[in-house]
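Shown next, in structure tokens, is the structure this report addresses.
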Amino acid sequence: PSALREIMLEVPKVFWEDIGGQHEVKQRLRETIEWPMKNPASFKKFNIKPPKGILLYGPPGCSKTLMAKALATESGLNFIAVKGPEDEIDALAITRGAGSDGGVSVNDRVLSQLLTELDGIDILLKVIVVAATNRPDVIDPALLRPGRIDRLLYVGPPDCDSIIEILKIKLRKMSCDVDVSAEKLASKLAGYSGAEIVSLCQEAGLVAMEEDNNALKISMKHFSLAIKRFTPRINKEMIR
Ligand code: ATP
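So the number in full-length UniProt numbering is just where the residue sits in the sequence shown, counting from 1, plus 450.
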């Protein structure tokens, strides 16, 4: 039996345009996945192997999972979310062989299983592993060897332009006053992750409702109050 117990087949509906900013990451992912699918002959001619696995790393809430889903949606691939017993691939930290009782720890078994399964994936089956972590430094190097998860892509926190893009994506679907400007808001949200920007928008909605149960629109004032209540959580160590 597989150590990767929870396996779910999903058809995600996340499109590239649902992700604000991160244009370079999107481009790199497209090239990595779509080129081998579109030009198998060139790969054969040059005798180069398409990648089997990609590791997306970076601070929490900055669109790693969204990227994996958009990749599947846009390339017409199935998305199989795999969670190890301890949830994310982080659980496969360098604890290999370091079981306190001197025996093989749970992580050892999960890691060995994952390595076996990775090595067993035939390129012809068109399976690509996209893994995500906040801590690439603790991933066992065995996982990152050529032929396994051998591409690393940094997904960083959004810069000012990306914050504006994320806000625009979210504000489009909210009933906002004309005074609400993504540009003005973005100048106050440096250091926020994408997930935090989304939470902030929700908070602003709640503020508007607290003020008036029948509020029709969210105004800049509501956003300002929401910002006061909010503390972003990405810390410096998480940023490359
Ligand atoms: P973690 O490391 O915590 O698992 P993650 O990097 O995988 O986080 P996601 O799960 O992709 O982050 O993002 C969480 C949520 O934040 C998304 O569902 C989305 O609502 C929002 N979000 C994050 N980044 C963006 C973005 N660039 N554009 C639009 N929404 C975003």
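From the three backbone atoms N, C-alpha and C, an ideal C-beta is built for every residue, glycine too.
Note down, in chain order, each residue of its chain lying with its Cβ closer than 6 Å to the Cβ of L516, except the 5 sequence neighbours on either side. V464, I469
* **Heavy atom of ligand 1 within 6 Å of I616 beta-carbon** => yes
For L621, which option in V648, N489, K678 has the closest C-alpha, if you only look at C-alpha atoms? V648
Between which two residues does the beta strand (DSSP E) containing G511 stretch?
Unbroken run through G511: none, as it is neither H nor E.
Next on the checklist: Just list the residues that DSSP pairs Y604 with in beta bridges.
Outcome noted: Y507
Review point. Between L592 and L506, is the Cβ-Cβ spacing less than 7 Å?
Key: Leu is not the amino acid found at residue 592; the sequence shown has Ala there. Taking 7 Å as the Cβ cut-off, A592 and L506 do not qualify as a contacting pair.
Cα-Cα separation, F680 to P500: 43 Å
Do A581 and ligand 1 come close, with the Cβ less than 6 Å from some heavy atom? no
What is the DSSP secondary structure of S555, counted as helix, strand or coil? Note on S555: pLDDT 48, under 50, position unreliable in the model; the coordinate value appears next. Of the three classes helix, strand and coil, the one that applies to S555 here is coil, per DSSP.
Beta-carbon proximity list for G471, same chain, < 6 Å, skipping 5 on both sides: P608, S612, E615
Margin query: What does the Cβ neighbour count give for C610, buried or exposed, with the cut at 16 atoms within 10 Å?
Written below: exposed
Does the Cβ of D590 have 16 or more other Cβ atoms within 10 Å, making it buried, or fewer, making it exposed? buried
Inset, instruction - Could you say which of D662, H672, G641 lies nearest to R683 if we only look at CA atoms? - result: G641
If you count every other CB in all the chains shown that lies within 10 Å of the CB of K519, and 16 or more means buried, which is it? buried
Cβ pair F673, A654 closer than 7 Å: yes
For this session: Can you check DSSP and say which residues form a bridge with C626?
Result: I668
ask   = Alpha carbon to alpha carbon, what distance is there between H473 and W466?
value = 9 Å
Query - Terminal residues of the alpha helix (DSSP H) in which V580 lies - result: Per DSSP, V580 belongs to no alpha helix (DSSP H); it is in the beta strand (DSSP E), 579-583.
**Exposure of A491, with buried meaning 16 or more beta-carbon neighbours within 10 Å** = exposed
Worksheet item: Does the distance from the C-beta atom of L521 to that of L564 stay below 7 Å?
Response: no
Checklist entry - Can you give the Cα-Cα distance for C626 and G597, rounded to whole angstroms? => result 49 Å
*asked:* Within 10 Å of its beta-carbon, does V630 have 16 or more other beta-carbons around it, so buried, or fewer, so exposed?
replied: buried
Which residues in the same chain have their Cβ closer than 6 Å to the Cβ of I619, if we skip the five residues on either side of it in sequence?
G470
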